[in-house]
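Peer 1:
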Amino acid sequence: MMEPLEIIRKYYAEGTELYDILLTHSRLVTEKALEIAERNPQEEFDLRFVYEAAMLHDIGIYLTNAPKIHCHGSFHYICHGYLGADLMRAEGFPRHALVCERHTGTGISLDAILRMNLPVPHRDMRPVTKEEQLICYADKFFSKTDLYTEKSTDKVLKSLAKFGDDAISQFQFWLEKWGR
Numbered sequence: 001m002m003e004p005l006e007i008i009r010k011y012y013a014e015g016t017e018l019y020d021i022l023l024t025h026s027r028l029v030t031e032k033a034l035e036i037a038e039r040n041p042q043e044e045f046d047l048r049f050v051y052e053a054a055m056l057h058d059i060g061i062y063l064t065n066a067p068k069i070h071c072h073g074s075f076h077y078i079c080h081g082y083l084g085a086d087l088m089r090a091e092g093f094p095r096h097a098l099v100c101e102r103h104t105g106t107g108i109s110l111d112a113i114l115r116m117n118l119p120v121p122h123r124d125m126r127p128v129t130k131e132e133q134l135i136c137y138a139d140k141f142f143s144k145t146d147l148y149t150e151k152s153t154d155k156v157l158k159s160l161a162k163f164g165d166d167a168i169s170q171f172q173f174w175l176e177k178w179g180r
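Below is the structure:
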């Protein structure tokens with residue numbers, strides 16, 4: 001059985017600020033995703049997978065240049081999803097990789113990638129499975145710069161505005177379907 005903390009420790013040094021930020025954020029997203037899953041038993045989520053993938057969804061952030069959260073890599077922050085997916089594929093977890101790749105915004109369509117000229121591979125990066133969607137949704141409620149504060153719905157919607165109307169519509173769909 002996979003243990004997410006073992007994988008995190010391969011890429012992040014325990015006791016560093018970045019490790020603490022990643023772990024705190026990942027745990028909050030995981031708790032939120034599992035709470036939503038438990039309130040929606042009709043969905044029959046794979047709870048073990050939700051736990052593992054939610055803990056690992058941001059594994060690629062250290063490769064990006066985001067000094068506010070102690071990331072000093074060379075890639076643009078928006079790249080952390082596909083970079084994390086590459087790491088997870090290398091670890092032998094292709095299903096988890098898809099969560100990494102597809103959680104940015106509410107997912108990013110190929111059209112949006114091309115239209116906004118984003119520095120990511122030219123492929124559709126929208127969540128497909130219910131577990132991918134759930135983790136993507138739960139992630140929207142937490143930032144890595146204000147770790148312990150769950151965002152209000154209005155704040156989430158404002159943060160999604162940069163991704164366009166489709167992102168806002170997708171978030172509202174999940175909100176209506178699963179609740180906060």
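Going by my numbering, the first residue of the sequence shown is number 1, and it counts up by one from there. No residue lacks a Cβ here, since even glycine has one placed at the ideal position from N, Cα and C. Given the structure is predicted, the values throughout are model-derived calculations rather than measurements.
Alpha carbons only, please: which of Ser169, Glu176, Tyr82 and His25 is nearest the one belonging to Ala97?
Peer 2: When only C-alpha atoms are compared, the closest one is Tyr82.
Peer 1: Taking the straight line between their C-alpha atoms, what separation do you get for Phe141 and Leu5?
Peer 2: C-alpha separation (whole angstroms): 22 Å.
Peer 1: Report buried or exposed for Gly84, applying the criterion of at least 16 other Cβ atoms within 10 angstroms of its Cβ.
Peer 2: With 16 or more other Cβ atoms within 10 Å, it is buried.
Peer 1: Apply the 10 Å Cβ neighbour rule to Gln42 and answer buried if 16 or more other Cβ atoms are within range, or exposed otherwise.
Peer 2: Answer is exposed; the Cβ neighbour count stays below 16.
Peer 1: Out of Gln170, Ile108, Ala138 and Trp178, state which residue places its alpha-carbon closest to the alpha-carbon of Met187.
Peer 2: Shown here, the chain extends from 1 to 180; a query on residue 187 therefore has no answer.
Peer 1: Where do the N-terminal and C-terminal ends of the alpha helix (DSSP H) with Pro4 fall, by residue?
Peer 2: Per DSSP, Pro4 belongs to the alpha helix (DSSP H) from Pro4 to Tyr11.
Peer 1: Is the distance from the Cβ of Val156 to the Cβ of Glu132 below 7 Å?
Peer 2: Contact flag unset, no.
Peer 1: Leaving out five residues on either side along the sequence, give the residues of the same chain with a beta carbon under 8 Å from the beta carbon of Tyr11.
Peer 2: Cβ neighbours of Tyr11 beyond the five flanking positions: Ile59, Tyr62 and Leu87.
Peer 1: Please look up how many angstroms separate the CB atoms of Ile78 and Thr104, rounded, as I've assumed it's under 8 Å.
Peer 2: The pair is a contact, with the Cβ atoms about 6 Å apart (cut-off 8 Å).
Peer 1: Going along the chain, which residues of its own chain have a beta-carbon closer than 7 Å to the beta-carbon of Gly73, five neighbours each way excluded?
Peer 2: The answer, listed in chain order, is Tyr62, Leu63, Thr64 and Asn65.
Peer 1: Would you give the residue range spanned by the alpha helix (DSSP H) that Ile36 belongs to?
Peer 2: Counting along the chain, the alpha helix (DSSP H) containing Ile36 begins and ends at Glu17 to Arg39.
Peer 1: List the whole-angstrom C-beta distance separating Ala37 from Leu134, where the pair is believed to meet the contact cut-off of C-beta under 8 Å.
Peer 2: That pair is a contact at about 6 Å.
Peer 1: Which first and last residues belong to the alpha helix (DSSP H) in which Gln133 is found?
Peer 2: That run of the alpha helix (DSSP H) goes Lys130 to Asp139.
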